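Working notes, structure below.
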């Protein structure tokens, strides 16, 4: 089980390095660690409703009803990193896409700072060697027309079993002979500082102000896709976080919101894409 004392020590020792992606001071974390939960997002919402401050974190050894995109649930096996981070964005609800992008980008940028050559698959997946290393799920609560509270659920593969389209970081590090990230606590510190750093950066410059940073890590640029039965090519990310594509037949550019299309991973066996 993840050691809270060790995690706090690593956070204190590395705050300057891990927080360098944000020009703003990064709030402190209040960390709660559990053996098994249904979902760390559910636990964190309960903590926030009880008055927990921004920066509250719930981490679980395993989840038996972890949440994913489009309402999916899955069992999160021991050995992976499963955490949720509470944020108080106070932004217009239309900025929810930017919140997702900035936290995914912050985690990827922090990992790159440790010489892990990750990229981002729109909208919220962290990719290593073309395979899924992890992803995030953003949930928000609206109050008086503002995005009042948010919970950022983060899942990263460390030493847990992964599907054929996934990759676990610990065995990859061993195979590559890389050092630096040597524990689940270290990975948790990187993920927390990265997500919070990306969030603070986003709050200071807005979605349009940081989108070029996200685009630099985008692995989908130039990808051939099918959209509504038409061949298209991914161009990049629009100022509001939408996916920019060009329809091959007409040459027209269109912008897609999250949920309008899923950019899958190639299966090793057949070379097609799955979600």
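Residue numbers (my numbering): 145 to 419. Every residue, glycine too, gets a C-beta built ideally from N, C-alpha and C. The structure presented is a predicted model; accordingly, all values stated were derived computationally and were not measured.
- In its chain, beyond the 5 residues on either side, 237, 292 have a beta carbon closer than 8 Å to the beta carbon of residue 286.
- When DSSP assignments are scanned along the stretch 146-207, the uninterrupted stretches of beta strand (DSSP E) that are 3 or more residues long and fall wholly within it turn out to be 174-181.
- Membership of residue 400 in the beta strand (DSSP E) is indicated by the continuous run 397-400.
- Here the C-alpha atom of residue 403 lies approximately 10 Å from the C-alpha atom of residue 386.
- In this structure, DSSP gives residue 337 a helical state, which the three-state scheme calls helix.
- A direct Cα-to-Cα measurement between residue 299 and residue 252 gives close to 13 Å.
- Taking the CA atoms as reference points, residue 294 sits about 14 Å from residue 195.
- The criterion of a C-beta distance shorter than 8 Å is satisfied by residue 244 and residue 268.
- In the three-state scheme derived from DSSP, where H, G and I count as helix and E and B as strand, residue 372 is classed as coil.
- Contact annotation: residue 397 and residue 390 have beta-carbon atoms nearer than 8 Å.
- Contact between residue 257 and residue 281 fails: their C-beta atoms lie close to 23 Å from each other, not under 8 Å.
- Counting along the chain, the unbroken beta strand (DSSP E) around residue 294 starts and ends at 290-300.
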